[in-house]
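Going down the list, the protein sequences come from chains A and B.
Counting in numbering that gives the first Met the number 0, the first sequence runs from 0 upward without gaps.
Counting in numbering that gives the first Met the number 0, the second sequence runs from 0 upward without gaps.
Where a beta carbon is used, it is the ideal one built from N, C-alpha and C, also for glycine.
This report refers to the structure that appears directly beneath it.
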Amino acid sequence: MGLLSRISSRSPWLYRINAGSCNGCDVELATTALIPRFDVERLGCQYCGSPRHADIVLITGPLTVRVKDKVLRLFEEIPDPKVTVAVGICPISGGVFRGSYSICGPVSKYIPIDVDVPGCPPRPQAIIEGIAKAIEVWKERL
Amino acid sequence: MGYLKVLLQNLLAGPATEPFPFGEALTPKGLRGRVQYDPHTCVGCRTCELSCAGGAIRIEMKPEALEFTLWHDTCAFCGLCAFYCPTDAIRLSDDWHLSHTDDRKFEMIEKGRIPAIHCAACGEECYATQPAADLFDHPPSREELERLRGYCPRCRRKLAAEGAQP
Numbered sequence: 000m001g002l003l004s005r006i007s008s009r010s011p012w013l014y015r016i017n018a019g020s021c022n023g024c025d026v027e028l029a030t031t032a033l034i035p036r037f038d039v040e041r042l043g044c045q046y047c048g049s050p051r052h053a054d055i056v057l058i059t060g061p062l063t064v065r066v067k068d069k070v071l072r073l074f075e076e077i078p079d080p081k082v083t084v085a086v087g088i089c090p091i092s093g094g095v096f097r098g099s100y101s102i103c104g105p106v107s108k109y110i111p112i113d114v115d116v117p118g119c120p121p122r123p124q125a126i127i128e129g130i131a132k133a134i135e136v137w138k139e140r141l
Numbered sequence: 000m001g002y003l004k005v006l007l008q009n010l011l012a013g014p015a016t017e018p019f020p021f022g023e024a025l026t027p028k029g030l031r032g033r034v035q036y037d038p039h040t041c042v043g044c045r046t047c048e049l050s051c052a053g054g055a056i057r058i059e060m061k062p063e064a065l066e067f068t069l070w071h072d073t074c075a076f077c078g079l080c081a082f083y084c085p086t087d088a089i090r091l092s093d094d095w096h097l098s099h100t101d102d103r104k105f106e107m108i109e110k111g112r113i114p115a116i117h118c119a120a121c122g123e124e125c126y127a128t129q130p131a132a133d134l135f136d137h138p139p140s141r142e143e144l145e146r147l148r149g150y151c152p153r154c155r156r157k158l159a160a161e162g163a164q165p
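In structure tokens form, the structure reads like this:
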């Protein structure tokens, strides 16, 4: 493992994709980062604005028909290696929207998912637990 | 000099950040987490399957058994199943440690099984569920419920009515 890999394994950057979410999980994701009570930055993580800087991708929402192509284009822009975390039950299985005409099915049909965090929405501690698992996967990928 | 008071307060209060994942997280009372199913107290009414918002509960009435399956990866933890369950056979525990790697996706289930039997009186095939409490005109005792467990629904009604007579 080179010096760069050793350094970057300590500070994976998070990127958030909203694949047609109801915003519930997105609020919980904002909570984990912005409120000192949860503070995901203790794990070395930081939200970034550009997909080209991302290491760990957090996907929320059931992947609606309208947003599908945009999500796939965004996902292509994220450089490898990347770790994907499905936050909430919608990206994992479709959740309460499963079987709807406007849903392209679970996200795993199009994008390889590494860690799942079920919940509707999951509580911030559960998201932090999922990110901690994603960091373990990230360290193996480097 | 107001800041000295704030400084002292912060020193005494300690950090506001929860120690999780390096320590234990606070779990509030009544948090809705992992679902637990008890096949022994289930009456097999299937109301939970009907009320489930995420379609997480599936009850299969197979010839050999009634099989209950709940998939946590599509459960919204709304608690409707536990609310409508007449005998509290479904409960939501406060275990929220549900995150998992994707290869364990289909292992996140809660299963239960009620075996099929032949009725002790008429020999008809039925499931050995717990008898429903509304068969009786009084709150049934544990012995009464266990006594009727081996009978089919029709014989249960008859026996419960006979037991009610003086």
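Straight-line gap, residue i to residue j (C-alpha atoms, nearest Å)
i	j	result
Leu42 (chain A)	Leu28 (chain A)	15 Å
Pro130 (chain B)	Ile110 (chain A)	47 Å
Ile113 (chain B)	Glu59 (chain B)	10 Å
Ala198 (chain A)	Ala52 (chain B)	Only positions 0 to 141 of chain A appear in the structure, and residue 198 (chain A) is not among them; the question remains open.
Gly29 (chain B)	Arg122 (chain A)	14 Å
Glu63 (chain B)	Ala115 (chain B)	5 Å
Arg146 (chain B)	Gly78 (chain B)	31 Å
Leu3 (chain B)	Thr30 (chain A)	30 Å
Cys125 (chain B)	Pro38 (chain B)	15 Å
Pro90 (chain A)	Ala32 (chain A)	21 Å
Arg155 (chain B)	Val42 (chain B)	13 Å
Arg36 (chain A)	Gln45 (chain A)	16 Å
Ile127 (chain A)	Phe82 (chain B)	30 Å
Ala55 (chain B)	Trp137 (chain A)	31 Å
Pro120 (chain A)	His99 (chain B)	16 Å
Ser92 (chain B)	Phe105 (chain B)	20 Å
Thr88 (chain B)	Gly111 (chain B)	Note that residue 88 (chain B) is Ala in the sequence shown, not Thr. The alpha-carbon atoms of Ala88 (chain B) and Gly111 (chain B) are separated by roughly 11 Å.
Pro27 (chain B)	Glu75 (chain A)	40 Å
Ser8 (chain A)	Ala12 (chain B)	33 Å
Val64 (chain A)	Arg57 (chain B)	27 Å
Thr40 (chain B)	Thr128 (chain B)	7 Å
Val18 (chain B)	Arg153 (chain B)	A small correction: the amino acid at residue 18 (chain B) is Pro; Val does not occupy that position in the sequence shown. Rounded to the nearest angstrom, the two C-alpha atoms are 57 Å apart.
His71 (chain B)	Gln35 (chain B)	11 Å
Cys21 (chain A)	Phe21 (chain B)	31 Å
Gln8 (chain B)	Gly87 (chain A)	38 Å
Val59 (chain A)	Glu40 (chain A)	It should be pointed out that residue 59 (chain A) corresponds to Thr in this sequence rather than to Val. Thr59 (chain A) and Glu40 (chain A): Cα-Cα distance of roughly 20 Å.
Phe77 (chain A)	Asp54 (chain A)	Contrary to the premise, residue 77 (chain A) reads as Ile rather than Phe in this sequence. Using only the alpha carbons, I get a separation of about 8 Å.
Ser4 (chain A)	Val106 (chain A)	29 Å
Pro165 (chain B)	Ser140 (chain B)	Its pLDDT being 45, under 50, Pro165 (chain B) is placed unreliably by the model, and nothing is read from it.
Residue i, buried or exposed, once every other Cβ within 10 Å from all chains shown has been counted against 16
i	result
Cys121 (chain B)	exposed
Ala18 (chain A)	buried
Asp113 (chain A)	buried
Ile6 (chain A)	exposed
Gly1 (chain B)	exposed
Asp94 (chain B)	exposed
Glu161 (chain B)	exposed
Thr16 (chain B)	exposed
Phe67 (chain B)	buried
Phe247 (chain B)	Given a span of 0 to 165 for chain B in the structure shown, any question on residue 247 (chain B) remains unanswerable.
Asp115 (chain A)	buried
Tyr100 (chain A)	exposed
Gln124 (chain A)	buried
Pro117 (chain A)	buried
Ser92 (chain A)	buried
Pro14 (chain B)	exposed
Arg15 (chain A)	buried
Endpoints, alpha helix (DSSP H) assigned at residue i
i	result
Trp137 (chain A)	Pro123 to Arg140
Leu57 (chain A)	Counting along the chain, Leu57 (chain A) falls outside any alpha helix (DSSP H), though it belongs to the beta strand (DSSP E) covering Ile55 to Thr59.
Ile88 (chain A)	Ile88 to Ser92
Asn9 (chain B)	Gly1 to Ala12
Ile6 (chain A)	Leu2 to Ser7
Tyr83 (chain B)	Leu79 to Tyr83
Val66 (chain A)	Careful: Val66 (chain A) lies outside any alpha helix (DSSP H) and carries neither H nor E.
Val26 (chain A)	Gly23 to Leu33
Leu13 (chain A)	No alpha helix (DSSP H) holds Leu13 (chain A); the beta strand (DSSP E) holding it covers Trp12 to Asn17.
Glu17 (chain B)	Counting along the chain, Glu17 (chain B) falls outside any alpha helix (DSSP H), and DSSP gives it neither H nor E.
Arg146 (chain B)	Arg141 to Leu147
First through last residue of the beta strand (DSSP E) which encompasses residue i
i	result
Ala115 (chain B)	Ile108 to His117
Cys125 (chain B)	Glu124 to Tyr126
Arg90 (chain B)	Ile89 to Leu91
Val116 (chain A)	Val114 to Val116
Arg103 (chain B)	Per DSSP, Arg103 (chain B) belongs to no beta strand (DSSP E) and is neither H nor E.
Tyr100 (chain A)	First-last for Tyr100 (chain A): undefined, no H or E at that position.
Tyr36 (chain B)	Val34 to Tyr36
Which ranges would you report for the alpha helix (DSSP H) in the stretch 46-71 of chain B if only whole runs of at least 4 residues count? Scanning the stretch 46-71 of chain B from its first residue to its last, the whole alpha helix (DSSP H) runs of 4-plus residues come out as 46-50.
Using a Cβ cut-off of 9 Å, which residues of the stretch 103-131 of chain B contact any Cβ in chain A, in chain order? For the stretch 103-131 of chain B, which is checked against every Cβ of chain A, the residues closer than 9 Å are Arg103, Lys104 and Met107.
Which of the residues in the stretch 70-87 of chain B, read from start to end, lie with their CB under 8 Å from any CB of chain A? Taking 8 Å as the Cβ-Cβ cut-off, the stretch 70-87 of chain B approaches chain A at Trp70, His71, Asp72, Thr73, Cys74, Ala75, Phe76 and Cys77, given in chain order.
Could you name the residues of the stretch 108-119 of chain A whose beta carbon sits closer than 9 Å to any beta carbon of chain B, in the order they occur along the chain? Residues passing the 9 Å Cβ filter: Pro111, Ile112, Asp113, Val114, Asp115, Val116, Pro117, Gly118 and Cys119.
Output needed in chain order: residues of the stretch 64-90 of chain A with a Cβ under 7 Å from some Cβ in chain D. Of the chains in the structure shown, none is chain D; the protein chains are A and B.
Give, in chain order, every residue of the stretch 90-106 of chain A whose Cβ lies closer than 8 Å to some Cβ of chain B. Cβ contacts with chain B: Ile91, Ser92, Gly93, Gly94, Val95, Arg97 and Gly98.
Pull out every residue of the stretch 10-32 of chain B whose Cβ sits closer than 7 Å to any Cβ of chain A, in chain order. Within the stretch 10-32 of chain B, the residues whose Cβ lies closer than 7 Å to some Cβ of chain A are Ala15, Thr16, Glu17, Phe19, Pro20 and Ala24, listed in chain order.
Taking only beta carbons into account, state which residues of the stretch 44-71 of chain B come closer than 8 Å to chain A, listed in chain order. Residues Ala52, Gly53, Gly54, Trp70 and His71.
Of the residues that make up the stretch 8-34 of chain A, which ones have a beta carbon closer than 7 Å to any beta carbon in chain B? Result list empty, no residue passes.
Output needed in chain order: residues of the stretch 119-130 of chain A with a Cβ under 7 Å from some Cβ in chain B. Cβ contacts with chain B come from Cys119, Arg122, Gln124, Ala125, Ile127, Glu128 and Gly129.
Counting only Cβ-Cβ distances shorter than 9 Å, please list the residues of the stretch 91-103 of chain B near chain A, keeping chain order. Per Cβ criterion, the list reads Trp95, His96, Leu97, Ser98, His99, Thr100, Asp101 and Arg103.
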